[in-house]
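Asker:
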Amino acid sequence: MKLVEKIRQAQSSSDRDELTVVLNALLWGVARGVVPQQEVLDALVEAGLGNNEAATATLADVLWVISNQAERMRDQGNGKEWVNMCALVGEIHSRALVPPATLKSVLELEILHEAGISLEPTATIMKKVVRINTRNLYTQNKFNLLKEESEGFAKVLCLLHSDITCETLQASKQNLLSLIGTTCPFPTIAILTRVLF
1 MKLVEKIRQA QSSSDRDELT VVLNALLWGV ARGVVPQQEV LDALVEAGLG NNEAATATLA
61 DVLWVISNQA ERMRDQGNGK EWVNMCALVG EIHSRALVPP ATLKSVLELE ILHEAGISLE
121 PTATIMKKVV RINTRNLYTQ NKFNLLKEES EGFAKVLCLL HSDITCETLQ ASKQNLLSLI
181 GTTCPFPTIA ILTRVLF
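The UniProt record's numbering puts the first residue of the sequence shown at 1, with every later residue one more than the last.
This is the structure:
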């Protein structure tokens, strides 16, 4: 009962960091095998943590931090924390303490796969991620090029509508040719200016 009251008190506190500290201590205890997993899960459910959106977001953030630390420890040869974290994440998912969409957006692919939340192989998901990132990069580059072209075209129009005198003719011609050579959205303008000048 003490555990449930502590979670409820931290949850109702105006200081969100208090809940983070409590959850961090509890979940690290579970990961190290010091605190029984079942006891912590029952306390989280009884405290109504799954019904509070801010609390579920905090729980997901704490899971992310601890799972990253457990993964690092696993890579250094101590896999107990990693195994315990995978089991904990799987149980949190099965008890709906954190929405599946939140877990999938916050946690790494490897722990999602190990916990049984993501049934697709990690390699398949990574291929999709690479494809999405590549498409986003191409879209961004295309947008940037269009933006640069419209700016270049605006500069050409400003130059053509400015007062060109005999003294500034040669400088204006050079400026126009340099603008058209770098950014010209309409090839016919480039051809006409080459013919006219």
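Ideal Cβ positions, reconstructed from N, Cα and C, are used throughout, including at glycine.
Helix, strand or coil: which one does DSSP assign to residue 51?
Answerer: Position 51 of the sequence shown, counted from the start, is the residue given in the question as residue 51. Reduced to three states, the DSSP call for residue 51 is helix.
Asker: When you compare the CB positions of residue 86 and residue 120, do they come within less than 8 Å of one another, or not?
Answerer: For the purposes of this step, residue 86 is taken as the residue at position 86 of the sequence shown. For the purposes of this step, residue 120 is taken as the residue at position 120 of the sequence shown. Cβ atoms of residue 86 and residue 120: not closer than 8 Å.
Asker: Is it buried or exposed, residue 133, if we count other Cβ atoms within 10 angstroms and call 16 or more buried?
Answerer: Looking up residue 133 in the sequence shown gives position 133. It is exposed - the Cβ of residue 133 has fewer than 16 other Cβ atoms within 10 Å.
Asker: What do you get for residue 137, buried or exposed, if any count of 16 or more other CB atoms within 10 angstroms of its CB means buried?
Answerer: By 1-based counting over the sequence shown, the position of residue 137 is 137. Exposed, since its Cβ has fewer than 16 Cβ neighbours within 10 Å.
Asker: Tell me whether the beta-carbon of residue 125 lies closer than 8 Å to the beta-carbon of residue 109.
Answerer: Numbered from its first residue, the sequence shown carries residue 125 at position 125. Numbered from its first residue, the sequence shown carries residue 109 at position 109. In contact: residue 125 and residue 109 (Cβ atoms closer than 8 Å).
Asker: Is the CB-CB distance between residue 3 and residue 54 below 8 Å?
Answerer: Counting from one through the sequence shown, the residue named residue 3 turns up at place 3. Counting from one through the sequence shown, the residue named residue 54 turns up at place 54. Against a cut-off of 8 Å, the Cβ pair of residue 54 and residue 3 comes out as no contact.
Asker: Could you say if the segment 61–73 and the segment 33–50 meet the contact criterion of at least three C-beta pairs nearer than 8 Å?
Answerer: Contact fails: fewer than three Cβ-Cβ distances are below 8 Å.
Asker: For residue 258 and residue 139, what's the separation of their Cα atoms in angstroms?
Answerer: For residue 258 there is no data in the structure shown, the boundaries of the chain being 1 and 197.
Asker: Decide if residue 40 is buried, meaning its Cβ has at least 16 other Cβ atoms within 10 Å, or exposed.
Answerer: As a first step, residue 40 must be located in the sequence shown, where it is residue number 40. Per the 10 Å Cβ criterion, buried.
Asker: CA-CA distance, residue 89 and residue 112?
Answerer: Against the sequence shown, residue 89 aligns to sequence position 89. Against the sequence shown, residue 112 aligns to sequence position 112. Distance between the alpha carbons of residue 89 and residue 112: 8 Å.
Asker: Starting from residue 40, follow the alpha helix (DSSP H) in both directions and report where the run begins and ends.
Answerer: Taking the sequence shown and counting its residues from 1, the one referred to as residue 40 is at position 40. Residues 37–46.
Asker: Nearest-angstrom Cα distance between residue 30 and residue 36?
Answerer: In the sequence shown, residue 30 corresponds to position 30, counting from 1. In the sequence shown, residue 36 corresponds to position 36, counting from 1. Whole-angstrom Cα-Cα distance: 6 Å.
Asker: Measuring straight from C-alpha to C-alpha, what distance separates residue 9 and residue 100?
Answerer: Start at 1 with the first residue of the sequence shown, and residue 9 comes out as number 9. Start at 1 with the first residue of the sequence shown, and residue 100 comes out as number 100. Going by the C-alpha atoms only, they are around 26 Å apart.
Asker: When we look at the beta-carbon of residue 5 and count the other beta-carbons within 10 Å, is it buried (16 or more) or exposed?
Answerer: Translated into the one-based positions of the sequence shown, residue 5 becomes position 5. Counting Cβ neighbours within 10 Å, residue 5 comes out exposed, since fewer than 16 surround it.
Asker: Distance, Cα to Cα, residue 106 vs residue 64?
Answerer: Within the sequence shown, the letter at position 106 stands for residue 106. Within the sequence shown, the letter at position 64 stands for residue 64. Near 7 Å, if we compare the C-alpha coordinates of residue 64 and residue 106.
Asker: With DSSP collapsed to three states, give me the class of residue 97.
Answerer: To locate residue 97, count along the sequence shown from 1; it is residue 97. The answer is coil: DSSP assigns residue 97 none of H, G, I, E or B.
Asker: What is the DSSP secondary structure of residue 118, counted as helix, strand or coil?
Answerer: As a first step, residue 118 must be located in the sequence shown, where it is residue number 118. DSSP places residue 118 in coil when its eight states are reduced to three.
Asker: Give every residue of the same chain whose Cβ lies closer than 7 Å to the Cβ of residue 34, excluding the five residues on either side of it in the sequence, and list them in chain order.
Answerer: Translated into positions along the sequence shown, residue 34 becomes position 34. Nothing listed; no residue qualifies.
Asker: Would DSSP call residue 182 helix, strand or coil?
Answerer: If you number the sequence shown from 1, residue 182 lands on position 182. Annotation note: pLDDT 49 at residue 182 (below 50); position unreliable, coordinate value reported separately. Residue 182: helix per DSSP, three-state reduction.
Asker: Is residue 81 helix, strand or coil when you go by DSSP?
Answerer: The sequence position of residue 81 within the sequence shown is 81, counting from 1. Here residue 81 sits in helix by DSSP.
Asker: According to DSSP, is residue 33 helix, strand or coil?
Answerer: On the sequence shown, residue 33 is found 33 positions in, with the first residue counted as 1. Coil.
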